[in-house]
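What follows is the structure in structure tokens.
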């Protein structure tokens, strides 16, 4: 049974119950959650899914041998209510391809679900894992053809056999661009200077991790709709690793 | 008839804003101020070499941002007021200059839209930087302002260290300005840098091709 790898906020009690489960009981719990999500989905009502719009900070950076894609974890409604402190905005659309979204969470979830489906179908037809560019093109088609209704931008990053690590950004109107590093979301304006100054091509994994964590921490420090923890996903040929840096372990800067 | 064929260019009726990047940093023994040089009216650049660092006194300068007319007027008024006050010692305090700027900004808050950063050196407290946004007076180790400053918030937070040397502060200021000019459409041109310490103020202009280069250039 394939599970939808999208973010759904659950209440604290449920999250606690989930932690105490194991094995079959846990699988049943997740299955029930998924069914609930499908039911909510079929009613086209996202009001029960917390996090209507993501003021956010997202970034992706290429390093020697892979890519790191990262985001903060805050979802806000309006400018003053934090509807979720721990949402995961990094969505896996295939084994080695991840997406992160900025803009309306509802639009983003709809587009990524459709993209995931099309991508898995495409990879079955081609009998090989899809190219990162293919994933990005699917997102671009969806964004461009529905540009009136949608309000979301995407960063697609991953690894494939043909070109290795790549990052593509699909902006609001449907432009597709390939870049060695990219930032997005409301918090990104504050870190343009920092990433321009600090990025070097062919960094090592440690340097790239430090670079991403610092950039996200700086943005979260200045943007009030970004915050929470830092989610990083490291994608290389060998593996996909999800790293979470909690608030108290974030790097501190001069005024803290 | 001639109005329809040749409509008046927009920039004649747009307000002239400095749409800028300004920064001031204290170091051990003085301050360094920096600014870009672009003045825009709507979408046009009406002056590409304006020096936005205005002297208020021998060892006190201010950096202008916001509406060009408002900022220049405030600087001239405070320059005059500082000259009027009789000083027992030679130098007026930086705090006094900043307070004079703040008084004008606060009293005429509704009419004016300018943000000045006041920085200088005096015998009592050494190098100081004051931000006077909208009538607030706040002493800070460094301050940034203007439209381009949003893009370098992360950079200055990460790179600022206490007790830098004069050389390091100058590099810090030039780097910050370059990064902001690279991303903000309303900032550009050359970088003006003024260093103030106990010996006086030293003005320098860093031309476009002498600015540091970062990854994508």
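Protein chains in written order, with my numbering: chain A, 1 to 256; chain B, 1001 to 1217.
Even for Gly, the Cβ is constructed at its ideal location relative to N, Cα and C.
Note that this is a predicted model, so its numbers are computed, not measured.
query                                                                                                                                                                                 : result
Please list the partners that residue 1214(B) has in chain A, where partner means a Cβ-to-Cβ separation under 7 Å.                                                                    : 196, 197
In terms of residues, what are the limits of the beta strand (DSSP E) holding residue 973(B)?                                                                                         : For residue 973(B) there is no data in the structure shown, the boundaries of chain B being 1001 and 1217.
By the DSSP assignment, the beta strand (DSSP E) with residue 1074(B) in it spans what residues?                                                                                      : That residue, residue 1074(B), is in no beta strand (DSSP E); its alpha helix (DSSP H) goes 1068-1084.
Where do the ends of the beta strand (DSSP E) carrying residue 1115(B) lie?                                                                                                           : No beta strand (DSSP E) holds residue 1115(B); DSSP gives it neither H nor E.
Got a sec: is the Cβ-Cβ distance from residue 189(A) to anything in chain B below 8 Å?                                                                                                : yes
Use the C-beta contact count for residue 1205(B): other C-beta atoms within 10 angstroms, 16 or more gives buried, fewer gives exposed.                                               : exposed
Give me, in chain order, the residues of the same chain whose beta-carbon lies closer than 8 Å to that of residue 66(A); leave out the 5 immediate sequence neighbours on both sides. : 159, 165, 205, 234, 235, 236, 237
For residue 1027(B) and chain A, any beta-carbon pair shorter than 8 Å?                                                                                                               : no
Terminal residues of the continuous beta strand (DSSP E) containing residue 154(A)?                                                                                                   : 152-160
Just grab the DSSP bridge partners of residue 1022(B) for me.                                                                                                                         : 1035(B), 1145(B)
When you check each C-beta in the stretch 215-240 of chain A against every C-beta of chain B, which residues fall closer than 7 Å?                                                    : 215, 218, 219, 221, 222
Mind checking the stretch 163-192 of chain A against chain B and listing, in chain order, the residues whose C-beta falls within less than 7 Å of any C-beta there?                   : 189, 190, 191, 192
Any idea if residue 131(A) is buried or exposed, counting beta-carbon neighbours within 10 angstroms, 16 or more meaning buried?                                                      : buried
Which class does residue 181(A) belong to by DSSP, given the choice of helix, strand or coil?                                                                                         : strand
Closest to residue 1153(B) by CA distance: which of 225(A), 194(A), 91(A) is it?                                                                                                      : 194(A)
At the level of alpha carbons, what is the spacing between residue 71(A) and residue 89(A)?                                                                                           : 7 Å
From the DSSP output, read off the bridge partner residues of residue 1055(B).                                                                                                        : 1061(B)
Just grab the DSSP bridge partners of residue 240(A) for me.                                                                                                                          : 235(A)
Check residue 1214(B) in the structure and name its three-state DSSP category.                                                                                                        : coil
For a test of the three-state rule: what should DSSP assign to residue 122(A), helix, strand or coil?                                                                                 : helix
Give the range of the beta strand (DSSP E) segment to which residue 1202(B) is assigned.                                                                                              : 1200-1206
Do you know whose CA, among 173(A), 118(A), 169(A), 156(A), lies nearest residue 144(A)'s CA?                                                                                         : 173(A)
Taking the alpha helix (DSSP H) that residue 76(A) belongs to, which residues open and close that run?                                                                                : Premise fails: residue 76(A) lies in the beta strand (DSSP E), 75-77, not in any alpha helix (DSSP H).
Going along chain A, which residues have a C-beta under 7 Å from residue 1172(B)?                                                                                                     : Here the premise fails: no neighbours, minimum Cβ distance about 11 Å.
Please confirm if residue 1024(B) has its CB atom under 8 Å from at least one CB of chain A.                                                                                          : no
Answer yes or no: does any C-beta atom of chain B fall closer than 8 Å to that of residue 200(A)?                                                                                     : yes
What's the gap between the Cα of residue 1208(B) and the Cα of residue 84(A)?                                                                                                         : 45 Å
Quick one: any contact between the stretch 1096-1106 of chain B and the stretch 1057-1074 of chain B, if contact means 3 or more CB pairs under 8 Å?                                  : yes
Rounded C-beta distance between residue 1137(B) and residue 1097(B)? I'm assuming under 8 Å.                                                                                          : Between residue 1097(B) and residue 1137(B) the Cβ distance is about 11 Å, and since that is not below 8 Å, they are no contact.
Using a Cβ-Cβ cutoff of less than 8 Å, which residues in the same chain neighbour residue 253(A) once the five nearest sequence positions on both sides are dropped?                  : 217, 218, 221
Distance check for residue 1186(B) and residue 154(A), CA to CA, integer angstroms please.                                                                                            : 27 Å
Enumerate in chain order the residues of its own chain whose CB-to-CB distance from residue 1190(B) is below 7 Å, with the five nearest sequence positions on each side excluded.     : 1037, 1049, 1205, 1206, 1207, 1208
Quick check: is the beta carbon of residue 1038(B) nearer than 8 Å to any beta carbon in chain A?                                                                                     : no
Can you give the beta carbon distance from residue 1027(B) to residue 200(A), rounded, assuming they're within the 8 Å contact cut?                                                   : That pair is no contact at about 27 Å.
Does the stretch 237-250 of chain A touch the stretch 1114-1133 of chain B, meaning 3 or more C-beta pairs lie closer than 8 Å?                                                       : no
Should residue 125(A) be labelled buried (16 or more other beta-carbon atoms within 10 Å of its own) or exposed?                                                                      : exposed
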